[in-house]
Each structure stands twice: as C-alpha cells, then as structure tokens.
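Chains as they are written, first to last, in this note's numbering: chain A, 1 to 347; chain B, 1 to 304. The beta-carbon is built from N, C-alpha and C at its ideal position, and this holds for glycine as well. Just so you know, these numbers come straight off a predicted model, no measurement behind them.
Here is the structure:
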C-alpha cells in the first residue's frame with residue numbers, strides 16, 4: 001500500500017472503531033432528521049379536529065368536505081368541554097335546523113377555519129333548500145408553489161449541517177489528537193510530505209460526507225417521511241465535496257489552536273451549532289429579521305444549504321451550483337491558506 | 001565503503017536555549033557505527049533536546065550535527081529512511097492493532113508486510129498482533145513503539161527513555177530486545193535516567209547534567225577512573241569495628257543498626273583476611289557505580 005492509501009485506511013479503521021465518532025457522525029443527525037421530520041410532518045398533514053353533536057344534512061356535508069376531522073359526541077356539554085379544555089378548536093352542535101358553533105378564543109386560526117367551513121356548508125344548505133339556482137359560481141384549482149413540505153426542507157438542511165460538523169471536527173480532532181500523541185511528529189520523521197497526510201484525511205472526510213448524504217436522503221425517502229427528490233439531485237455530490245473541503249479547512253484552523261481533543265470538539269461545536277441555526281439548517285429563515293438573513297450570507301453553511309435545497313428538492317440545475325460552489329471554494333482556499341500558515345507539527 | 005569508517009553521529013558544540021534556560025549548553029560527542037551509546041542524566045538534564053537536535057526534529061541555536069554524513073536540519077528526506085526514532089510519548093494511530101500500527105508506519109517508508117511482521121516477532125509481540133494498541137500493557141506498548149521505529153530497517157536507531165515507567169521485569173525484557181537490535185549491526189543512541197541500566201547495556205555513555213556533558217567513556221572506564229573505594233558490607237556484630245579497622249588495607253569502617261561497612265581500595269587482601277576469620281556469611285561487595293561517578297562529578301546525589 002502507498003503511504004496515502006494506508007494513512008486513509010488507518011483513519012477509516014480508527015473512525016469506525018470509535019463508537020462515539022460514528023454515533024455523532026451518522027446517528028445523531030439522523031435522530032434530528034427523524035424527530036423533526038415526524039413532528040413537522042405530523043403537524044402539517046393533519047386535518048383540524050372538531051367535536052360534533054347531532055346529525056343531519058349539515059353534518060353529512062361537513063363530513064364530505066373532507067377538511068375537518070369530525071369527532072362525534074352525544075352530549076353537547078361534553079363537546080363544549082373538549083373546547084374549553086383546549087383539546088379541540090371548536091364544537092358543532094346540531095339540533096334540528098339550529099347549528100351552533102362553540103370555538104376556542106385562543107386558537108383564532110383553527111377556529112376561524114372551522115367557523116368559515118361550517119358557515120359555508122350552512123349557506124349552501126340554505127341555498128339548496130330554496131331551490132334557486134346560484135348566482136355566482138366558484139372555480140378552484142391547485143398549482144405547485146415554491147413553499148416546501150417540512151421534510152423537503154429538513155433533509156437538505158440536516159445533511160448540510162451534518163457534513164459541516166463532521167468536516168470541522170474530523171479535521172480538528174485528528175490534528176489535535178495526532179499532535180498531542182506526537183503522531184504528527186512521528187510522521188514527520190518518515191519520508192512523507194504534509195500534503196500526503198492532509199489529502200488522505202480530506203479523502204476520508206469526503207467519503208464520510210457521501211455516506212452521510214446517501215444515508216440521510218435514503219431514510220428521508222422512506223414513506224414515513226416522504227421526501228421527494230426533484231430534477232438533477234445528483235448535483236448534490238459536487239456540493240458535498242466542496243462543502244467538505246470548506247469545513248475541513250475551518251477544522252484545520254481550529255485544530256491548529258486546540259491543544260486537546262476535547263477543546264477541539266468543543267470549539268467545533270461552538271462554531272457549527274450557531275452557524276447551523278443562522279444558516280437555516282433546521283428552520284426556514286423566511287421569518288427571520290432582515291439583518292439576520294444578511295449576516296447569514298457570510299456563512300458557508302448558508303450557501304451549502306441553499307445549494308442543497310435547490311438541487312435536491314427545488315429541481316434547479318447546474319446554474320444553482322454557481323454561487324454556493326464559488327463561496328465554498330473561496331472558503332476552502334482562504335481559510336485553508338491561513339490554516340496552513342498557522343499549522344504546527346507539535347506543541 | 002572504503003577507507004576509514006565514517007562515524008554514525010557527530011555532534012559538535014551544539015547549543016539550544018529556551019529564554020534564560022540553556023537546555024543544551026555546548027554538547028559534543030561522536031557515535032561510531034554499530035555502537036550502543038547512552039546519554040544519561042536526571043530529568044531536565046537536556047537529554048531529549050540533544051537527541052531531538054541530532055534527529056533533525058529541532059534546530060540548534062549553534063553548533064553542527066552530522067548524521068550518517070549528512071546534515072539532519074532542515075528536515076532531510078533522504079536521511080529519514082536511514083534513521084529510526086522512538087519518541088518519548090508512545091505515538092500510535094488511534095484504535096489500531098499492533099500489526100496495523102506496524103503496517104501503517106511501514107507503508108510510510110514503502111516497506112512490505114513481511115518486514116513489518118518480522119519486527120513484531122523481534123520485539124516479542126508476535127502473539128499480540130491483533131490486540132489494539134490501547135489494550136497493551138506499558139511494556140508491550142514500549143516494545144511496539146520500538147518495533148515501529150525499526151520497521152524500515154534503519155541504520156541508526158534513536159530511543160528516548162524506552163525503559164521509563166516500566167516494571168523491573170518489563171525493563172529486563174526490553175534489554176533483551178535492545179541487545180538483539182545491536183546484534184543486527186544497528187547503531188543505537190538512547191537516553192535513560194537509569195544509570196544501572198546504562199552500565200549494563202551501553203558500550204559508551206555520556207553523563208549529562210544541566211545541558212552539559214560531564215563525562216564520556218565506557219561505563220567500566222568511568223567507574224575505574226573514579227578510584228572509588230570498594231564497599232564490603234558484613235552483618236553487624238560479625239566482627240567489631242576495631243577489629244575491622246585493624247585489617248590491612250581498610251580505610252574506613254562504620255556500623256549502623258544492621259550492618260558493618262568497610263571501605264577499601266584493596267578488596268582482595270581484605271576479603272581473604274575476612275575469610276580467615278570465617279565472617280563471610282551474608283557478605284556483600286559493592287563496587288562503585290555510575291551513580292558514584294555522578295556524585296563525584298556534580299557533588300550531588302543522583303536522583304532520577
């Protein structure tokens with residue numbers, strides 16, 4: 001084996017035998033994906049529940065509308081209690097021709113929806129009862145819009161975050177640990193150059209990022225999450241590679257200053273966690289203040305996120321890679337250059 | 001090579017200071033090919049810094065080093081395959097087995113797998129090939145780290161305190177390994193703070209203290225040159241101190257709670273006189289050691 005491949009092999013073996021490292025690289029982000037995916041998907045897809053007492057054409061029409069999930073109660077008081085307790089946003093009580101709606105004052109959006117739907121159904125029933133033809137007609141159709149289902153947003157975001165944290169900590173931990181244990185010194189006494197050592201570590205990080213991509217996207221594609229890839233999703237591969245090199249460079253900079261693995265790990269998290277929130281890896285930035293969105297443009301993770309979203313789920317092509325690639329490449333070169341300048345073989 | 005054999009290592013008046021501290025303060029020595037050379041001294045004497053300058057890991061402030069005829073500083077890639085270095089810390093790759101460590105280090109030098117395995121046998125770790133580095137005992141780790149230094153079959157081997165922090169049994173096992181390495185024709189330069197060990201292993205030693213070499217020669221020559229008296233120790237009460245002082249050749253005799261100690265520069269007549277008196281039971285003879293040489297040179301007790 002050449003020095004390059006054997007160093008890479010040694011690093012892969014060391015990594016795979018380190019259960020904590022494997023957990024934080026693969027399972028921890030996967031847990032984020034599963035938890036966020038299930039929480040947000042559940043909330044978005046559910047129909048609004050309504051307590052219903054009584055029967056008749058209005059209740060049948062409500063059922064057929066398919067927007068509300070009717071829960072039947074025999075006792076009007078029991079139905080109203082559901083609303084008072086905050087379990088349901090509204091209760092519909094039908095006594096003959098009298099339709100009463102009780103709604104929760106707190107949840108104005110949900111109760112407004114219920115009241116609007118019920119009143120629409122009642123108006124329709126009234127109109128049908130008169131036998132008169134409708135004066136106005138309504139045509140409704142759906143169009144595809146740019147807003148995303150939570151999983152469509154989460155999968156690329158969490159993938160970018162996972163790649164950034166393992167890129168930064170992978171480089172920082174290896175450097176700090178190898179310097180502390182004098183492995184770097186020992187390697188320096190062998191006829192191999194620093195380029196060989198670093199490039200083999202980069203190769204391992206890139207491989208890790210590709211496995212992360214396949215794993216997270218693979219899980220997100222399964223039915224409980226329902227991710228749908230669009231267009232040229234494979235354009236994510238160059239983005240994964242460039243993202244890894246950029247975050248690896250940042251990790252090298254961290255590793256140049258960290259004396260122990262613990263401090264390297266802490267610094268990596270301190271750097272990446274806020275960056276992930278500011279870059280919109282977990283939550284969309286649309287509701288964030290304008291200044292914050294401006295700040296986030298200076299972060300490499302923001303651009304990796306955007307690029308991932310564009311090529312994975314928004315169905316954009318190579319043109320969507322231009323800006324993210326340029327930013328990530330720029331970070332790789334500039335930060336990498338600084339890291340090489342401050343690099344130390346030993347304490 | 002023809003003509004005069006080149007020395008493996010030449011250090012000429014090397015100096016290195018850190019701020020006010022002169023860690024290495026004008027050190028010169030020569031190590032011949034195939035020689036087992038020890039640098040001894042207490043902690044902080046400047047042994048490791050000296051070794052690092054010779055290995056090319058550190059730049060001397062002044063002075064000159066020639067290693068196998070070449071200058072080791074700045075990092076000299078042509079020289080690196082010909083030297084093997086064991087660092088003070090056991091520097092291993094995380095979570096790899098003994099065999100994997102050797103194969104990885106070997107590949108840095110382009111060495112094949114068979115050589116690597118042979119080194120594992122040499123240091124007596126053949127049966128530990130598949131044990132992870134962090135699960136080896138202290139002595140086994142030291143032997144593995146020596147095997148890693150030897151994996152590319154270097155001409156000169158540098159070992160920095162290979163026997164430090166080992167139990168007596170592990171130290172003796174390691175001595176066998178070191179002798180075996182010398183038997184293969186390697187030049188060994190090693191540091192230790194165990195003077196007794198250096199006396200047993202080394203062809204020549206340099207005794208260092210406070211950045212300087214105080215004395216340099218074969219251990220036997222150093223001890224002999226000291227002209228120190230031999231100590232003969234008897235059980236207390238075997239004979240009286242007066243009787244002891246009366247023996248021809250005895251310089252001093254004094255008693256403590258358990259023994260009577262006699263100093264003499266003529267041990268042979270003293271011992272035969274004692275034999276005549278039938279007082280040889282439990283008798284011990286202590287000749288001077290490198291520790292006495294150190295005491296003589298520095299005026300201080302040797303404390304490692």
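Legend entry - Cβ pair residue 217(A), residue 227(A) closer than 8 angstroms: Position 217 of the first chain, counted from the start, is the residue given in the question as residue 217(A). Position 227 of the first chain, counted from the start, is the residue given in the question as residue 227(A). Cβ distance < 8 angstroms, so residue 217(A) and residue 227(A) count as in contact.
Inset, instruction - Closer than 7 angstroms by beta-carbon distance: list the chain B residues that pair up with residue 1(A), in chain order. - result: What you label residue 1(A) is simply residue 1 of the first chain in a count that begins at 1. Within 7 angstroms Cβ-Cβ: 107.
Inset, instruction - Could you pull the start and end residues of the beta strand (DSSP E) that residue 158(B) belongs to? - result: Counting from one through the second chain, the residue named residue 158(B) turns up at place 158. First-last of the beta strand (DSSP E) with residue 158(B): 156-160.
Inset, instruction - Starting from the Cα of residue 272(A), find the closest Cα among 288(A), 251(A), 256(A) and 8(A) and give me that residue. - result: In the first chain, counting from the first residue as 1, residue 272(A) sits at position 272. Checked all of 288(A), 251(A), 256(A) and 8(A); the closest Cα to residue 272(A) is 251(A).
Legend entry - Length of the line joining the Cα atoms of residue 133(B) and residue 277(A): As a working note, residue 133(B) is residue 133 in the second chain. As a working note, residue 277(A) is residue 277 in the first chain. Between residue 133(B) and residue 277(A), the C-alpha separation is close to 40 angstroms.
Legend entry - Limits of the beta strand (DSSP E) - the one that residue 143(A) falls within: Numbered from its first residue, the first chain carries residue 143(A) at position 143. From DSSP, residue 143(A) is part of no beta strand (DSSP E); its letter is neither H nor E.
Legend entry - C-alpha distance - residue 244(A) paired with residue 298(A), whole-angstrom precision: In the first chain, the residue the question calls residue 244(A) occupies position 244. In the first chain, the residue the question calls residue 298(A) occupies position 298. For residue 244(A) and residue 298(A), the distance between alpha carbons rounds to 17 angstroms.
Inset, instruction - Could you name the residues of the region 189-210 of chain A whose beta carbon sits closer than 7 angstroms to any beta carbon of chain B, in the order they occur along the chain? - result: 189, 190, 191 and 192
Legend entry - Sequence-distant residues of the same chain with beta carbon closer than 7 angstroms to residue 238(B), five excluded per side: For the purposes of this step, residue 238(B) is identified with residue 238 of the second chain, where counting begins at 1. Only 260 and 279 meet the Cβ criterion.
Inset, instruction - List the endpoints of the continuous alpha helix (DSSP H) containing residue 182(B). - result: Stepping through the second chain from its first residue, residue 182(B) is reached at position 182. Here the alpha helix (DSSP H) through residue 182(B) covers 168-183.
Inset, instruction - Following the continuous beta strand (DSSP E) through residue 358(A), name the residue where it begins and the one where it ends. - result: Since the first residue of chain A shown is 1 and the last is 347, residue 358(A) is not available in this structure.
Inset, instruction - Please decide whether residue 85(B) counts as near chain A, where near means a Cβ-Cβ distance under 8 angstroms. - result: As a position in the second chain, residue 85(B) is number 85, starting the count at 1. It does; some Cβ of chain A falls within 8 angstroms.
Inset, instruction - Could you tell me whether the Cβ of residue 80(B) comes closer than 8 angstroms to any Cβ of chain A? - result: Here the question's residue 80(B) lines up with position 80 in the second chain. Answer yes: the Cβ-Cβ gap between residue 80(B) and chain A drops below 8 angstroms somewhere.
Inset, instruction - Starting from residue 95(A), follow the beta strand (DSSP E) in both directions and report where the run begins and ends. - result: Taking the first chain and counting its residues from 1, one reaches residue 95(A) at position 95. Residues 90-95.
Legend entry - Separation of residue 287(A) from residue 43(A), as counted between CA atoms: Taking the first residue of the first chain as 1, we reach residue 43(A) at position 43. Taking the first residue of the first chain as 1, we reach residue 287(A) at position 287. Reliability fails at residue 43(A), whose pLDDT of 48 lies under 50, so the model's placement of it is uncertain and no value is given.
Legend entry - Cα-Cα separation between residue 140(B) and residue 3(A), rounded to whole angstroms: Residue numbering aside, residue 140(B) sits at position 140 when the second chain is read from its first letter. Residue numbering aside, residue 3(A) sits at position 3 when the first chain is read from its first letter. Roughly 25 angstroms separates the two Cα atoms.
Legend entry - Whether residue 176(A) touches residue 259(A) by CB criterion (8 angstroms): As a first step, residue 176(A) is located in the first chain; it is residue number 176 there, counting from the start. As a first step, residue 259(A) is located in the first chain; it is residue number 259 there, counting from the start. Yes. Within cutoff.
Legend entry - the region 61-81 of chain B contacting the region 228-238 of chain B, beta-carbon criterion three pairs below 8 angstroms: no
Inset, instruction - Tell me, please, whether the CB atom of residue 104(B) is closer than 8 angstroms to any CB atom in chain C? - result: Checking the listed chains, one finds no chain C in this structure; the protein chains it contains are A and B.
Legend entry - Contacts of residue 18(A) in chain B (Cβ-Cβ under 8 angstroms): The residue you call residue 18(A) lines up with position 18 of the first chain. In chain order: 94 and 95.
Inset, instruction - Mind the definition here: the region 29-43 of chain B touches the region 204-221 of chain B only if three or more C-beta pairs lie below 8 angstroms; say whether that holds. - result: yes
Legend entry - the region 45-53 of chain B touching the region 106-120 of chain B, judged by at least three CB pairs closer than 8 angstroms: no
Inset, instruction - Could you please tell me which residues of the region 255-266 of chain A, in chain order, have their CB closer than 8 angstroms to any CB of chain B? - result: none
Inset, instruction - Inspect the beta-carbon positions of residue 173(A) and residue 264(A) and report whether they are closer than 8 angstroms. - result: By one-based count along the first chain, residue 173(A) stands at place 173. By one-based count along the first chain, residue 264(A) stands at place 264. In contact: residue 173(A) and residue 264(A) (Cβ atoms closer than 8 angstroms).
Inset, instruction - Could you pull out every residue in the same chain whose Cβ sits closer than 6 angstroms to the Cβ of residue 282(B), ignoring the five residues on either side in sequence? - result: Your numbering for residue 282(B) matches position 282 in the second chain. If we look at residue 282(B) and ignore the five residues flanking it on each side, its Cβ neighbours are 235.
Inset, instruction - Put residue 128(B) into one of helix, strand or coil per three-state DSSP. - result: Along the second chain, one-based indexing puts residue 128(B) at 128. It is helical.
Inset, instruction - Indicate whether residue 86(B) and residue 93(B) have their beta-carbon atoms separated by less than 8 angstroms. - result: Taking the second chain and counting its residues from 1, the one referred to as residue 86(B) is at position 86. Taking the second chain and counting its residues from 1, the one referred to as residue 93(B) is at position 93. Cβ atoms of residue 86(B) and residue 93(B): not closer than 8 angstroms.
Inset, instruction - Given a cut-off of 8 angstroms, decide if residue 189(B) and residue 151(B) are closer than it, judged by their beta-carbon atoms. - result: As a position in the second chain, residue 151(B) is number 151, starting the count at 1. As a position in the second chain, residue 189(B) is number 189, starting the count at 1. Contact: no.
Inset, instruction - Can you have a look at residue 168(A) and say buried or exposed, based on whether 16 or more other CB atoms are within 10 angstroms of its CB? - result: Along the first chain, one-based indexing puts residue 168(A) at 168. Buried, by the Cβ-count rule.
Legend entry - Any chain B beta carbon closer than 8 angstroms to residue 315(A): Here residue 315(A) refers to the residue found at position 315 when the first chain is read from its first residue. It does not: the Cβ of residue 315(A) has no partner Cβ on chain B nearer than 8 angstroms.
Inset, instruction - May I ask which residues mark the beginning and end of the alpha helix (DSSP H) holding residue 308(B)? - result: This structure cannot settle anything about residue 308(B), because the visible part of chain B is limited to 1 through 304.
Legend entry - Extent of the continuous alpha helix (DSSP H) to which residue 52(B) belongs: Your numbering for residue 52(B) matches position 52 in the second chain. From DSSP, the alpha helix (DSSP H) with residue 52(B) extends over 47-55.
Legend entry - Residue span of the alpha helix (DSSP H) that contains residue 231(A), given as start and end: Within the first chain, the letter at position 231 stands for residue 231(A). Element bounds for residue 231(A): n/a, residue is neither H nor E.
Inset, instruction - Go to residue 303(A), then tell me how far its alpha helix (DSSP H) extends in each direction, as first and last residue. - result: Counting from 1 along the first chain, the entry for residue 303(A) is found at position 303. Here the alpha helix (DSSP H) through residue 303(A) covers 300-312.
Inset, instruction - Using 10 angstroms around the beta-carbon of residue 161(A), count the other beta-carbons present and answer buried if the total reaches 16, otherwise exposed. - result: If you number the first chain from 1, residue 161(A) lands on position 161. Buried, because 16 or more other Cβ atoms sit within 10 Å of the Cβ of residue 161(A).
Legend entry - Spatially closest choice to residue 251(B) from 244(B), 171(B), 263(B) and 211(B), by CA coordinates: Residue numbering aside, residue 251(B) sits at position 251 when the second chain is read from its first letter. Checked all of 244(B), 171(B), 263(B) and 211(B); the closest Cα to residue 251(B) is 263(B).
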